[in-house]
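Chemist:
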Amino acid sequence: DVKVTQSSRYLVKRTGEKVFLECVQDMDHENMFWYRQDPGLGLRLIYFSYDVKMKEKGDIPEGYSVSREKKERFSLILESASTNQTSMYLCASSLGFRGSYNEQFFGPGTRLTVL
Amino acid sequence: EDQVTQSPEALRLQEGESSSLNCSYTVSGLRGLFWYRQDPGKGPEFLFTLYSAGEEKEKERLKATLTKKESFLHITAPKPEDSATYLCAVQVSGGYQKVTFGTGTKLQVIP
Chain F
3 DVKVTQSSRY
13 LVKRTGEKVF
23 LECVQDMDHE
33 NMFWYRQDPG
43 LGLRLIYFSY
53 DVKMKEKGDI
63 PEGYSVSREK
73 KERFSLILES
83 ASTNQTSMYL
93 CASSLGFRGS
103 YNEQFFGPGT
113 RLTVL
Chain U
3 EDQVTQSPEA
13 LRLQEGESSS
23 LNCSYTVSGL
33 RGLFWYRQDP
43 GKGPEFLFTL
53 YSAGEEKEKE
63 RLKATLTKKE
73 SFLHITAPKP
83 EDSATYLCAV
93 QVSGGYQKVT
103 FGTGTKLQVI
113 P
């Protein structure tokens, strides 16, 4: 079974802090994704990566950056956390190569609260 | 712009009362449609992928179908453990692995 793990289930940070969310997948997947999920808005894509050191902006990249130094690990960085970044953050991975289609497998999520 | 709309937003069923959830989509070219189940406080769990109109997939009490404009998730004789939010997502042709998610249908099955 595919396993996607996230570094924290719950996180509380202060406004202005730099925040790192880590995601690791163990199935040698090419693609990795970061979403945020808010009530009434569904899942919104922040960034995705289709290869090591490659990244693409999603629908809401402002205020976020990402890093993928190794194939199995994808990090989301909040450079200066703000209260409107309080949300559930979900990491996902999928097998396929560019242009193919494959289901995404999700981690358990990180509930981030910014005070 | 690609759009995915799920209805109803919430559905309450008695145990054993069959029903269907709807996912309608407007995309430039469908490459794949995905159904997920999400329990409170957890990440979505993959259920099905549908690729072309007319295709059907089944898993226990769940059956997913696909037309050119919408997909249905049929739930037959549901049990309380089927209570969850069901998410639909579409992937369009020509892009990378990006998908667009609907906002989900929250299903509650009452004993």
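In order, the protein sequences belong to chains F and U. Start counting the first sequence at 3; every next residue gets the next number (our numbering). Start counting the second sequence at 3; every next residue gets the next number (our numbering). Beta carbons are placed, not taken as given, at the ideal position from N, Cα and C, and that holds for glycine.
#1: Roughly how far, in whole angstroms, is the beta-carbon of K57(F) from the beta-carbon of Y49(F), given that I think they are within contact range, below 8 Å?
#2: Under 8 Å, Cβ to Cβ, is there at least one residue of chain U near L23(F)?
#3: With C-beta atoms as the reference, is Y91(F) less than 8 Å away from L117(F)?
#4: Which of helix, strand or coil does DSSP assign to T69(U)?
#5: Sorted by chain position, which residues of the same chain lie with C-beta nearer than 7 Å to L75(U)'s C-beta, five sequence neighbours on each side aside?
#6: Just the chain F side, please: which residues come within less than 7 Å of P46(U) by C-beta, in chain order?
#7: Ordered along the chain, which non-local residues of its own chain (more than five positions away) have a Cβ less than 6 Å from that of V21(F)?
#8: Cβ closer than 8 Å: which chain U residues qualify as neighbours of L92(F)?
#9: Determine, using beta carbons only, whether E32(F) and G98(F) come nearer to each other than 8 Å.
#10: List in chain order: all unbroken beta strand (DSSP E) runs of 3+ residues lying wholly within the region 50–75 of chain F.
#11: Tell me which residue opens and which closes the beta strand (DSSP E) that T107(U) is part of.
#12: Where do the ends of the beta strand (DSSP E) carrying V6(U) lie?
#13: Taking CB distances under 8 Å as the criterion, tell me whether G154(U) reaches chain F.
#14: Within 8 Å (strictly less), CB to CB, does L45(F) reach chain U?
#15: Which stretch, first to last residue, makes up the beta strand (DSSP E) that contains V116(F)?
#16: DSSP three-state call for N104(F): helix, strand or coil?
Modeler: With the structure as the only source:
#1: Counting from 1 along the first sequence, the entry for residue 57(F) is found at position 55. Counting from 1 along the first sequence, the entry for residue 49(F) is found at position 47. Indeed, because the Cβ distance is near 6 Å, the residues count as touching under 8 Å.
#2: The residue labelled residue 23(F) in the question sits at position 21 within the first sequence. Taking Cβ atoms only, chain U never reaches closer than 8 Å to L23(F), which makes this a no.
#3: To locate residue 91(F), count along the first sequence from 1; it is residue 89. To locate residue 117(F), count along the first sequence from 1; it is residue 115. Not in contact: Y91(F) and L117(F) (Cβ atoms no closer than 8 Å).
#4: The residue you call residue 69(U) lines up with position 67 of the second sequence. T69(U) falls in the coil class under three-state DSSP.
#5: Your numbering for residue 75(U) matches position 73 in the second sequence. Contacts found: S22, L23, W37, L64, A66, Y88.
#6: Counted from its first residue, the second sequence places residue 46(U) at position 44. Within 7 Å Cβ-Cβ: F108.
#7: Within the first sequence, numbered from 1, the residue matching residue 21(F) stands at position 19. Taken in chain order, the residues that qualify are K15, L80, A83.
#8: Here residue 92(F) is taken as the residue at index 90 of the first sequence, counted from 1. Per Cβ cutoff of 8 Å: G45, P46.
#9: If you number the first sequence from 1, residue 32(F) lands on position 30. If you number the first sequence from 1, residue 98(F) lands on position 96. In contact: E32(F) and G98(F) (Cβ atoms closer than 8 Å).
#10: When DSSP assignments are scanned along the region 50–75 of chain F, the uninterrupted stretches of beta strand (DSSP E) that are 3 or more residues long and fall wholly within it turn out to be 56–59, 66–72.
#11: Position 105 of the second sequence holds residue 107(U). Taken as a continuous stretch (DSSP letters only), the beta strand (DSSP E) holding T107(U) covers 107–112.
#12: Within the second sequence, numbered from 1, the residue matching residue 6(U) stands at position 4. Start and end: 5–9.
#13: Here chain U has residues from 3 to 113 only, and residue 154(U) is not among them.
#14: Against the first sequence, residue 45(F) aligns to sequence position 43. Closer than 8 Å: yes.
#15: Counting from 1 along the first sequence, the entry for residue 116(F) is found at position 114. Run containing V116(F): 112–116, per the beta strand (DSSP E) assignment.
#16: The residue you call residue 104(F) lines up with position 102 of the first sequence. Correct three-state label for N104(F): coil.
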